[in-house]
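Asker: Structure incoming, see below.
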């Protein structure tokens, strides 16, 4: 009897929660991504298993006049991995290692594998990934599609460590794509958001797993560009770097701390190279981050605890593979009616302090709930057609808590567009995997090669078999 009463109470609470928010993102019959802003009905979700089966899915879509969207972990937040009434091809089961050469430091792996899969495979051989996101939960194909970047400051964005890939196109061809074969597609597919076909597998160049000693510095926003130029970039032994800016009201966008990963040749890798398999202190971190999400004083508390916590790591050792699988569980958030969403802005190094001053002014007017800013460095690299690294750039990764209601989203969109006006004034760009708040003129200003991109899309997919919301938002028709 008690069990039935408990179940009844749980059901009542679920219904109350649903009717309180009454948002589409709670509908179990609709599909969405991590952003939860565009729940839609799709025709179906098909697991990718083998090449002939994938060709069969494409043929079915052509026969039924449907579109195809390609999904990995669905962490892109702007509708890049699905579209209304489409067939969603889920590539996460397409995840085998196909070839590995320890001496040449290369791995060929299917596109649905995650970076964790790569790390687990190559770590016993003393090897590591060159470039990836800070977390290792994303698929290889998804990371290529957004041309990801991370903490590495020497190897550039992900495109630099891609030797080749195989692509299943809209007309059923399987193309080998590299800088020497079908080279016209290389810079369009990488950073192409799944619009040119299904990436089947990728050949990546690897690097050595290394021992790093952590060096932590406290500084302010005004001095960061000079600090990076004089103390970080000029030191060849600093291979990874990340910084954080305070969002606490007491030090709003003024204080920073930086973490440098300095190569230490005196410490042997063996004995330190066991991969981290679980996160520590998740419950406490989750509680503190929720205070940061909810209260201004919570942001002060988190910053005042965070700084000394990282400062205490001064002089500790960590391997490259472990440094490139950072913690994320404490930030997971599934509250109905609101969500944490990312926006990311790329600013030329010399524009950093001026932009942050402008960002502070905009945020104080627009009243956006900014939870966290991390800073990474990305080398100038315009090999990808939709390149964000049009100069040596600092990437400001901004996490906002936003309402999911239409009225709330309208206010957020207005605020983000005001931020983007300042980004463009400072010769910056923004990252396309995230929610399409920008106006069309802002997209075109940040990505002046947009017309080349869409012309190439028309050339390889004239019947628009591969479609997602990125395409619909930005094609400009």
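Numbering (this note's numbering), first residue to last: 83 to 559.
C-beta: ideal position from N, C-alpha, C; glycine also.
In this text the structure is predicted, and so the values were computed from the model without any measurement.
1) Can you name the start and end residues of the alpha helix (DSSP H) that residue 126 belongs to?
2) Tell me, which residues are paired with residue 516 by DSSP?
3) Roughly how many angstroms lie between the CA atoms of residue 133 and residue 515, to the nearest whole one?
4) Label residue 473 either buried or exposed according to how many other C-beta atoms from any shown protein chain fall within 10 Å of its C-beta, with 16 as the threshold for buried.
5) Output needed for residue 508: all residues of its chain with C-beta closer than 8 Å, excluding positions within five of it in sequence on either side, in chain order.
6) Hey, quick one: how far does the beta strand (DSSP E) through residue 245 stretch, first residue to last?
7) Entirely within the segment 358 to 400 and at least 3 residues each: give me those beta strand (DSSP E) ranges in chain order.
8) Going by beta carbon distance, what residues of the same chain come within less than 6 Å of residue 554, once the five residues before and after it are set aside?
9) Just tell me which of 137, 168 and 242 has its CA closest to the CA of residue 548.
10) Closest to residue 461 by CA distance: which of 503, 475, 451 and 149 is it?
11) Just to confirm my understanding: we take residue 241, look at its own chain, exclude 5 residues before and 5 after, and list those with CB closer than 6 Å. What are they?
12) Check the DSSP bridge columns for residue 403 and list the partner residues they point to.
13) Once the 5 residues before and after residue 126 are set aside, which same chain residues still bring their CB inside 6 Å of it?
14) Grab me the residues of residue 355's own chain with a C-beta within less than 6 Å of its C-beta, minus the 5 sequence neighbours each way, in chain order.
15) Have a look at 479, 484, 214 and 176 and flag the residue whose alpha-carbon is nearest the alpha-carbon of residue 418.
16) Measuring alpha carbon to alpha carbon, tell me which residue in 326, 199 and 289 is nearest residue 456.
17) Tell me, which residues are paired with residue 554 by DSSP?
18) Could you tell me if the beta carbon of residue 206 falls within a distance shorter than 7 Å of some heavy atom in the ligand GDP?
19) Helix or strand or just coil, what does DSSP make of residue 326?
20) By the 10 Å Cβ neighbour count, where 16 or more other Cβ atoms means buried, how is residue 215 classified, buried or exposed?
21) Using only alpha-carbon positions, find the residue among 403, 385 and 141 that is nearest to residue 199.
22) Considering just the uninterrupted stretch of the alpha helix (DSSP H) at residue 139, what are its terminal residues?
23) Is it true that the CB of residue 378 sits closer than 8 Å to the CB of residue 291?
24) Could you name the residues of the same chain whose beta carbon sits closer than 8 Å to that of residue 180, not counting the 5 residues immediately before and after it, in chain order?
25) Taking C-beta to C-beta, are residue 130 and residue 176 nearer than 8 Å?
26) Apart from the five residues just before and just after residue 544, which ones in its own chain have a Cβ nearer than 7 Å to its Cβ?
27) DSSP has residue 293 in a bridge; who is on the other side?
28) How about the segment 239 to 259 and the segment 301 to 310: do they share at least three Cβ pairs that are nearer than 8 Å?
29) Going residue by residue through the segment 168 to 226, where are the continuous beta strand (DSSP E) segments of at least 3 residues, counting only ones entirely within it?
30) Could you give the first and the last residue of the continuous beta strand (DSSP E) run that contains residue 425?
31) Just curious, the beta strand (DSSP E) that residue 456 is in, first and last residue?
32) Straight-line CA distance for residue 122 to residue 519?
33) What is the rounded straight-line gap between the Cα of residue 352 and the Cα of residue 345?
34) Excluding the 5 residues flanking residue 357 on each side, which residues of the same chain have their C-beta closer than 8 Å to its C-beta?
35) Applying the criterion that 16 or more other CB atoms from any shown protein chain within 10 Å of the CB defines a buried residue, is residue 538 buried or exposed?
36) What residue range is occupied by the uninterrupted beta strand (DSSP E) comprising residue 337?
Answerer: So, from the listed chains and residues:
1) First-last for residue 126: 126 to 129, but that is the beta strand (DSSP E), not the alpha helix (DSSP H).
2) According to DSSP, residue 516 bridges with nothing at all.
3) 27 Å
4) buried
5) The beta carbon of residue 508 sits closer than 8 Å to those of 429, 430, 433, 436, 437 and 440, all from its chain and outside the five residues before and after it, given in chain order.
6) 244 to 250
7) none
8) none
9) The option with the nearest alpha carbon to residue 548 is 168.
10) Ranking the options by Cα distance to residue 461, first place goes to 475.
11) 229, 272, 465 and 466
12) The partner list for residue 403 (beta bridge, DSSP) is empty, contrary to what the question assumes.
13) For residue 126, where only same-chain residues beyond five positions count, the Cβ hits under 6 Å are 169.
14) 401
15) 484
16) Measuring from the Cα of residue 456, the nearest candidate turns out to be 326.
17) Looking at the DSSP assignment, residue 554 forms no beta bridge with any residue, so it has no partner.
18) Although the ligand GDP was asked about, the structure shown includes no ligands whatsoever.
19) strand
20) buried
21) 403
22) 133 to 145
23) no
24) 190, 191, 192 and 283
25) yes
26) Within its own chain, no residue has a Cβ closer than 7 Å to the Cβ of residue 544 once the five positions on either side in sequence are excluded.
27) 401
28) No contact exists between the segment 239 to 259 and the segment 301 to 310.
29) 169 to 172, 179 to 183, 188 to 192 and 209 to 211
30) 420 to 430
31) 451 to 460
32) 19 Å
33) 15 Å
34) Excluding positions up to five away in sequence, the list reads 201, 202, 205, 403, 404 and 407.
35) buried
36) Residue range 337 to 345 is occupied by the beta strand (DSSP E) that includes residue 337.
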